[in-house]
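In the working numbering, the protein residues as written are 60 to 177.
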């Protein structure tokens, strides 16, 4: 839950910086949303590298432990092995980043867009 607030804060700061520096303080919702989506794509590209580093160098015992735990909770070994592996986690992470990033970008851009006074 805390991580979600950190992600929203990072998107807010990045899109606000883009508004102030690149768009000179005048940004439409579309410009803000596109800026956030570009950030999302960059994060999605970097995600597999982070997963590999985490699961190979930092916590190589993660998948065996999760498979063992899943089996102890009544899941089949096949199901546990198909779910708890590096390829599966990389795909889940990429699609999670893309979907959540687009939604957060749209919402943050809505709040940061320049309001036109009539």
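Even glycine gets a Cβ: it sits at the ideal position worked out from N, Cα and C. Note that the structure is predicted; figures quoted are calculated from it, not measured.
How far does the alpha helix (DSSP H) with residue i in it reach, from first residue to last?
i: residue 72; result: 61-76
i: residue 141; result: 136-142
i: residue 121; result: 121-131
i: residue 89; result: 88-112
i: residue 151; result: 145-171
Contact defined as beta carbons within less than 8 Å: I believe residue i pairs with residue j. What is the distance between those atoms, to the nearest angstrom?
i: residue 145; j: residue 114; result: 6 Å
i: residue 99; j: residue 164; result: 6 Å
i: residue 161; j: residue 67; result: About 13 Å separates the two Cβ atoms, so there is no contact after all.
i: residue 91; j: residue 74; result: 5 Å
i: residue 156; j: residue 71; result: At roughly 17 Å, the Cβ-Cβ gap does not stay under 8 Å, so residue 156 and residue 71 are not in contact.
Around the Cβ of residue i, are there at least 16 other Cβ atoms within 10 angstroms (buried) or fewer (exposed)?
i: residue 61; result: exposed
i: residue 135; result: exposed
i: residue 131; result: exposed
i: residue 47; result: Because residue 47 is not part of the residues shown, which for the chain are 60 to 177, the question remains open.
Stretch pair the stretch 114-129 + the stretch 75-86: three plus CB contacts closer than 8 Å: no
The stretch 93-107 in contact with the stretch 138-158 per 3-pair CB rule at 8 Å: Contact between the stretch 93-107 and the stretch 138-158 is present, because at least three Cβ pairs lie under 8 Å.
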